[in-house]
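Residue numbers (my numbering), protein chains in the order written: chain A, 1 to 139; chain B, 1001 to 1139. We put the CB at the ideal spot given by N, CA and C, even for glycine. The structure displayed is predicted, hence computed values, not measured ones.
2 protein chains.
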Amino acid sequence: MLSKKTKYGLKALTYIARREEETPAQVGEIAKSESIPQKFLESILLTLRKAGILGSKKGKHGGYYLRKAPSDILMTEVMRVLEGPIAMVPCVSLNFYEKCDDCPDENLCSVHKLMIQVRDSTLQVFRNTTLADLSEKNS
Amino acid sequence: MLSKKTKYGLKALTYIARREEETPAQVGEIAKSESIPQKFLESILLTLRKAGILGSKKGKHGGYYLRKAPSDILMTEVMRVLEGPIAMVPCVSLNFYEKCDDCPDENLCSVHKLMIQVRDSTLQVFRNTTLADLSEKNS
DNA sequence: TATTAATCCTATCGATTTAATAGGGATTAC
DNA sequence: GTAATCCCTATTAAATCGATAGGATTAATA
């Protein structure tokens, strides 16, 4: 299940990408437009900033802006920052690998085999989707 | 993240499918072989039986067996029983659909669009994989 | 029929994670 | 110097997860 954090984060990024003003987008503005609790959104945008996806301007008239063009922001990157591993089990994760306690041999594990396939098919979607795709207004 | 329940369930099903004896497989035997807490496994097999995937024989010399050939047991079915919805958000779930509180219009929601793609690519894996595939011994 | 061994069922518990809130510090425009 | 905004840490309430406990029911068999 996708966490609210990730859902809110994706909505916020889309909002910023679709925006046309030159000034940075403020948390309050985004929260109101997307029906996201403001304080929660604050912490999410902070995470995205620390990950280098967003930049920020502090103080009055401050806010958040994209560090790259929407077409250069891949879903793989966003999802890993917000949701963590893309794989459903750590033993097939490319970026967050961990061995299973119980499994004596990964190559014989039926779950492992299946989850590699799921991971790869999900990765293919995220690698081929950018924030620009999410931000297109037509459905 | 895949729950332990699902992971254990898949391992147990694989164990039963690979087994060659005619007698039903007992919980204790499976638990020991696959390093699964026995009481936890009991409840998982019960779920699979209620869903019609496993059959059981009660009393002494009882145990569990597959109701269908492994090649007729699709991962879509198993995953829905054990893990629940395949979709990452209820608003794109085929079998467990629910509208989002916050979203005024699904067709305009960037998350919705992305998650439909993820759902479809995951479904493609599960629809094309049966318990027989999981149970092949070669990696 | 009594014993044993298995599934079946309900309830509960502890730990973790999630979603959200609280409260204030630091910074900048005006 | 005041108001507006991002920055940061801590806390909380609720939900979920993984596991355990304790026994009821059923069937084989001695």
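Within the segment 33-58 of chain A, contact with chain B at the beta-carbon level (separation under 7 Å) is assigned to Ser35. Here DSSP, grouped into helix, strand and coil, assigns Thr1130 (chain B) to strand.
Collapsing the DSSP output to three states places Lys68 (chain A) in coil.
Per DSSP, Ser56 (chain A) is not a residue of any alpha helix (DSSP H); the beta strand (DSSP E) it occupies stretches across 54-57. Shown here, Gly28 (chain A) sits in a helix according to DSSP, grouped into three states. Short of 8 Å from the beta carbon of Gln1026 (chain B), and not among the five residues preceding or following it, lie these beta carbons of its own chain, in chain order: Gly1062, Gly1063, Tyr1064. Contact between Ser121 (chain A) and Thr1122 (chain B) is confirmed by a C-beta separation of about 6 Å, below the 8 Å threshold. Going by beta carbons, Ala1017 (chain B) and Leu1131 (chain B) fall inside the 8 Å limit. For Val125 (chain A), the residues of chain B that pass the 7 Å Cβ criterion are Gln1117, Val1118, Ser1121, in the order they occur in the chain. Using a 10 angstroms sphere on the CB of Leu94 (chain A), the tally of other CB atoms stays under 16, which defines it as exposed. Within a 10 Å sphere around the beta-carbon of Lys1011 (chain B) sit 16 or more other beta-carbons, which makes this residue buried.
Taking a C-beta distance under 8 Å as the contact criterion, Phe126 (chain A) and Met79 (chain A) qualify as a contact pair.
Chain-order list of chain A residues neighbouring Asp1072 (chain B): empty, with the shortest C-beta distance near 17 Å, by a criterion of under 9 Å. The segment 62-127 of chain A is shown to contain whole alpha helix (DSSP H) runs of 4 or more residues at 75-82, 110-127, in chain order. Taking 9 Å as the upper bound on Cβ-Cβ separation, chain A lies near residues Cys1100, Asp1101, Asp1102, Cys1103, Pro1104, Asp1105, Glu1106, Asn1107, Leu1108, Cys1109, Ser1110, Val1111, His1112, Lys1113 of the segment 1094-1113 of chain B.
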